[in-house]
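These notes concern the structure reproduced below.
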Amino acid sequence: MNDQQCDIHDVTKAASDLMSLGCSATGTFLPDGVMQLTFSSAIANYLNNVIRDVNDSVISAWEGMQKLKSEYDELANKIIFYAKNGIGIAGGVMQVKTGAQSIVSTRGLGFAYGGPMIMHGLNNIYEGATNIYNGNNEAVGFIRQGYRQFYKDTYQGDMAYYSADLLLSATGLARRVEKEGTFKLFRHIPTDSEHAYKQTGKISLMLEALVDAFSLNSLLDLEHDTHTTQQ
92 MNDQQCDIHD
102 VTKAASDLMS
112 LGCSATGTFL
122 PDGVMQLTFS
132 SAIANYLNNV
142 IRDVNDSVIS
152 AWEGMQKLKS
162 EYDELANKII
172 FYAKNGIGIA
182 GGVMQVKTGA
192 QSIVSTRGLG
202 FAYGGPMIMH
212 GLNNIYEGAT
222 NIYNGNNEAV
232 GFIRQGYRQF
242 YKDTYQGDMA
252 YYSADLLLSA
262 TGLARRVEKE
272 GTFKLFRHIP
282 TDSEHAYKQT
292 GKISLMLEAL
302 VDAFSLNSLL
312 DLEHDTHTTQ
322 Q
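Heads up: the sequence shown begins at 92 in the numbering used here, then just goes up one per residue.
Following this line, the structure appears as structure tokens:
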């Protein structure tokens, strides 16, 4: 679409899309009703001003579209930013819990898995919280920094860190745990246990899938950035 093809109908459609995105954002990130109303009102006032300026020929329909598109992209990026880091924090908490349960349930024998799981979880909590506080994605936790120092390379260290994150996640879901309600009379038999994912709630599984998706996306971003730099 170019300047000559754009008209007020396109502007109102873009305004509707931005308002819809804003409502989704308020419902997700602003639990307080007053804050939701204030944010929604601010968006509505901005949209009305842009539409009025287009109707009054203060700006062209194309210029109005560009303004709305810019605001839409900025809001969408903020939603992704807070969602990614919020999920990172929640996933980190779940990693710490899973790691601790693994160690306790095996009386310390599961430390080889539980220890790294806890450390990765603490690192993800730190990075997510620090990113939200600073308003950027530049936080590097102590564990990920350790990977970088071990490999003496930022790219290799980050690749190893995110790969380990995925491996720990897969191991955690695949590990065998005692079935709920199992009565041990003599010793455990194979049918007394099952894979951990079968005891994991749907919401927790969805969260795990999202965390894994972000880890995989980070790996792909690193690979893409490396190829781009080499070119």
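Note that the Cβ used here is the ideal one computed from N, Cα and C, for glycine as well.
The structure presented is a predicted model; accordingly, all values stated were derived computationally and were not measured.
Residue of the options minimising C-alpha distance to residue i
i: M185; options: A203, G201, R198, G212; result: G212
i: G155; options: D312, D101, A116; result: D101
i: D256; options: S132, N228, N227, Y204; result: Y204
i: E218; options: G179, A167, G248, M208; result: G179
i: K169; options: V231, I99, F120; result: F120
i: R235; options: L138, S309, N139, Q127; result: S309
i: G106; options: K160, S306, F130, Q127; result: The sequence as given places Ala at residue 106; Gly does not occur at that position. Looking at the Cα atoms, K160 is the closest of the given residues.
i: G237; options: P207, A261, S260; result: P207
i: C97; options: S115, S111, Q157; result: Q157
i: S260; options: A304, G199, M250; result: A304
i: G113; options: E165, S151, V149; result: E165
Rounded C-alpha distance that separates residue i from residue j
i: F233; j: T221; result: 12 Å
i: R143; j: F241; result: 59 Å
i: G182; j: Y252; result: 15 Å
i: T244; j: L258; result: Correcting the residue type first, residue 244 is Asp in the shown sequence and not Thr. If I take the Cα positions, the gap works out to 21 Å.
i: Y224; j: A174; result: 14 Å
i: I99; j: V145; result: 7 Å
i: R239; j: G226; result: 23 Å
i: D123; j: T103; result: 28 Å
i: D147; j: A133; result: 21 Å
i: G201; j: V195; result: 8 Å
i: M126; j: D108; result: 21 Å
i: M250; j: L313; result: 7 Å
i: Y288; j: L307; result: Legend: pLDDT at Y288 = 43, less than 50; position of this residue unreliable, no value from coordinates given.
i: G248; j: A230; result: 15 Å
i: S111; j: A167; result: 11 Å
i: N136; j: I216; result: 37 Å
i: Y246; j: G118; result: 37 Å
Buried or exposed by the 16-neighbour rule on C-beta atoms within 10 Å, applied to residue i
i: L276; result: Residue confidence is low: L276 scores 48 on pLDDT, short of 50, so the model does not pin down where it sits. Its coordinate-derived value is still stated next. Classification for L276: exposed.
i: N176; result: buried
i: I171; result: exposed
i: E162; result: buried
i: L138; result: buried
i: L128; result: exposed
i: L311; result: exposed
i: G190; result: buried
i: S115; result: exposed
i: N140; result: exposed
i: N228; result: exposed
Span of the alpha helix (DSSP H), counted from its first residue to its last, around residue i
i: S161; result: 152 to 196
i: V141; result: 124 to 146
i: V149; result: V149 -> no alpha helix (DSSP H), and no H or E assigned at all.
i: C114; result: 99 to 120
Below-9 Å beta-carbon distance, residue i vs any chain C residue
i: Y163; result: Although the question refers to chain C, the structure presented lacks it and comprises just one protein chain.
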